[in-house]
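Q: Quick one: this structure, given as structure tokens, is what I'll be asking you about.
Numbering (my numbering), first residue to last: 1 to 652.
The structure is reproduced here in structure tokens:
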């Protein structure tokens, strides 16, 4: 026998050698049955003790091949591995022009023949172990047979992912050790698979941290001796022959390589019912170990399901991850690690990436404490940037013009956010209650009185990202959609510990007690949901409203702070006018006292000052009262408000 399978004469000491001997013996048996050289097969050598079963035996057991089907498979493999098999087929069939195996040749030459081996539902064709290569007009029994390439390599002892799956399915390596809370989930998931009397349940992992869910499934598979592969939900065919073809290819691959499949549906559009149905059909169609990664729990599948919520690591676990990722540089941060773990809610992969980014920044000259804080903020932005508008803080405490009581309240808010770790963790207040630890704030005041500016000041002082969420765009007329939108915002914000600024809160709030119909009742549900999320949110959430009078007292009691932004008086308007002109701006005869008499809010004052600056720049001269008068008229026209020209007397 010539060709690729060279056999050693020494005793088989490895599985590969033993597997080669086993396959050769099977080929010799088939050769003898076909009338080839060597009238009888040699006695099979004992299988090595402690070795895994040979590939041919494992394949036959996995797919339930009969002895006849086993011999057909070996015959087809023999043609690929031994050049002499082609001539043997031609001689046995009595036609030198047909040097290939066929079902007819097998039925006539091999023992224990049965017609059902030719059936499309028989294992040889159902699992594509052999392929029928003939033209449509060629009779089935006369069509050439060819062993599938993936199966051939498997029989020869070479493992690889089927190339038809390679573009869809990704092998997942076992990562670093899981944090304790995630290790418990991995153990429970593995137990759900191992303890199943019938088909194993679909393990459904729910939560926002996709990397942790993947790591948990990989750990569960490793404990059971399974390989893990992942497929993105959007890559699954919508149905029909393509979906059936994928299912059969994967089931064969799972049997050949001992693998489980993870379907990652985190990015699936909730409104894409067709694609969601395709995911469900695939999971229901497959029989082996499967897992589904989603943000929210899916409807029950028509097969057993074991669902687990995957929270982000606890603060203490995150602290350990930070220390491990920072290595020898960790002690340089002193208590900063605890603050990182309390302020941000990052998974292991994000913490590792942030630590690498911070260490690189330190090499470039940035202080490590500042670098690691900035890197943690950066890692938390990815999802929230898609849901809300990030505002880069550019204002400080000196830019706020408010009554002293309101300024004290704002500083108290900043203090509570800054010292959450000390009070909740070190002093034990957080252990007494899991709810109500969020800092919910209401900013109430007319448009332009400084609500957004105050949020910027808080974000800058606390070194946190500020995101503006327009509630009028979040509220949906469809039942349940508003809550889904809010949930996505809060889950994304948890990662980066961002300050959430809900603008246009009037879109959702009203007199909650005035329930006149089902829409009013549902609006109350939405408000209660928002309040619950604010209470559970680990960061600072700010609601801005122009109509505080519409809010009932029960609502206000659930907020930790209420800050009123009054319309500025004469002295405050003068201060705002002064702050509106940068030191570099050229001024010519600008009279702050006269400007302050104009009855406008701070936001309008800044717009007027900026408009006047552009007008002066266009003329190539300094900013004068005439420019400010023109800008004031334009601002009032924009607001569709009447302007008493007497207020502009003497402006020029």
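The beta carbon of each residue, even a glycine, is placed where N, CA and C say it ideally should be. In this text, all values refer to a predicted model and were calculated from it rather than measured experimentally.
Out of 117, 149 and 157, which has the shortest C-alpha to C-alpha gap to residue 140?
A: 117
Q: Alpha carbon to alpha carbon, what distance is there between residue 412 and residue 334?
A: 25 Å
Q: List the endpoints of the continuous beta strand (DSSP E) containing residue 561.
A: Counting along the chain, the beta strand (DSSP E) containing residue 561 begins and ends at 561-565.
Q: Tell me the DSSP bridge mates of residue 227?
A: Per DSSP, 259.
Q: Going by DSSP in three states, residue 422 sits in which element: helix, strand or coil?
A: helix
Q: So is residue 22 buried or exposed if we call it buried at 16+ other beta carbons inside 10 Å?
A: Classified as buried, residue 22 has 16 or more neighbouring CB atoms from the shown chains inside 10 Å of its CB.
Q: Kindly list the residues whose CB is nearer than 8 Å to the CB of residue 428, restricted to its own chain and excluding five residues on each side of it in sequence; keep chain order.
A: none
Q: Beta-carbon within less than 6 Å of residue 96's beta-carbon, same chain only, minus the 5 sequence neighbours each way: which residues are those?
A: The answer, listed in chain order, is 90.
Q: Give the single residue among 399, 294, 502 and 241 whose Cα lies nearest to the Cα of residue 264.
A: 294
Q: Assign residue 593 to buried or exposed, taking buried as 16 or more other Cβ atoms, counted over all protein chains shown, within 10 Å of its Cβ.
A: exposed
Q: The alpha helix (DSSP H) spanning residue 69 covers which residue range?
A: Run containing residue 69: 67-81, per the alpha helix (DSSP H) assignment.
Q: Under the rule that 16 or more other beta-carbon atoms within 10 Å means buried, what is residue 356, buried or exposed?
A: exposed
Q: DSSP state of residue 290, grouped into three classes?
A: strand
Q: Please report how far the alpha carbon of residue 163 lies from the alpha carbon of residue 250, in whole angstroms.
A: Just so you know, the alpha carbons of residue 163 and residue 250 end up roughly 11 Å apart.
Q: Between the Cα of residue 638 and the Cα atoms of 338, 608 and 537, which residue gives the shortest distance?
A: 608
Q: Just to confirm the assignment, what range does the alpha helix (DSSP H) spanning residue 440 have?
A: Not the alpha helix (DSSP H): residue 440 falls in the beta strand (DSSP E), residues 439-445.
Q: In this structure, how does DSSP classify residue 513 when only helix, strand and coil are distinguished?
A: Because the pLDDT at residue 513 is just 46, under 50, the model does not fix this residue reliably, and the value given afterwards should be weighed accordingly. Of the three classes helix, strand and coil, the one that applies to residue 513 here is coil, per DSSP.
Q: Tell me whether residue 300 is buried or exposed, calling it buried when 16 or more other Cβ atoms sit within 10 Å of its Cβ.
A: With fewer than 16 other Cβ atoms inside 10 Å of its own Cβ, residue 300 counts as exposed.
Q: Hey, residue 132 and residue 143: beta-carbon distance below 7 Å or not?
A: With respect to residue 143, residue 132 sits close: the two C-beta atoms are nearer than 7 Å.
Q: Assign residue 204 to one of three DSSP states: helix, strand, or coil.
A: Note: residue 204 maps to strand in three-state DSSP.
Q: Between residue 645 and residue 626, what straight-line distance do the alpha-carbon atoms span, to the nearest angstrom?
A: In this structure, the alpha-carbon of residue 645 lies about 13 Å from that of residue 626.
Q: What residue range does the beta strand (DSSP E) around residue 389 cover?
A: 389-391
Q: Using only alpha-carbon positions, find the residue among 121, 14, 63 and 209 that is nearest to residue 494.
A: 209
Q: Check whether the stretch 314-328 and the stretch 235-247 are in contact - that is, three or more C-beta pairs closer than 8 Å.
A: no
Q: Give me the DSSP bridge partner(s) of residue 145.
A: Looking at the DSSP output, residue 145 shares a beta bridge with 132.
Q: Which word fits residue 614, buried or exposed, when buried means at least 16 other C-beta atoms lie within 10 angstroms of its C-beta?
A: exposed
Q: Would you tell me roughly how many angstroms separate the C-alpha atoms of residue 284 and residue 193, rounded to the nearest one?
A: 15 Å
Q: Do residue 354 and residue 376 have their C-beta atoms closer together than 7 Å?
A: yes
Q: With DSSP as the reference, label residue 47 as helix, strand or coil.
A: coil
Q: Checking the sheet assignment: what are the DSSP bridge partners for residue 628?
A: According to DSSP, residue 628 bridges with nothing at all.
Q: Since residue 654 and residue 579 should fall inside the 8 Å C-beta cutoff, what is the C-beta to C-beta distance between them, to a whole number of angstroms?
A: This structure gives no information on residue 654, because the portion of the chain shown stretches from 1 to 652.
Q: Helix, strand or coil for residue 377, going by three-state DSSP, please let me know.
A: DSSP places residue 377 in helix when its eight states are reduced to three.
Q: Starting from residue 649, follow the beta strand (DSSP E) in both directions and report where the run begins and ends.
A: First-last for residue 649: undefined, no H or E at that position.
Q: Taking its Cβ as the centre, do 16 or more other Cβ atoms sit within 10 Å of residue 184, making it buried, or is it exposed?
A: exposed
Q: What number of angstroms, rounded off, separates the C-alpha of residue 533 from the C-alpha of residue 258?
A: 43 Å
Q: Look at residue 504 and residue 472 and say whether their C-beta atoms are less than 7 Å apart.
A: yes
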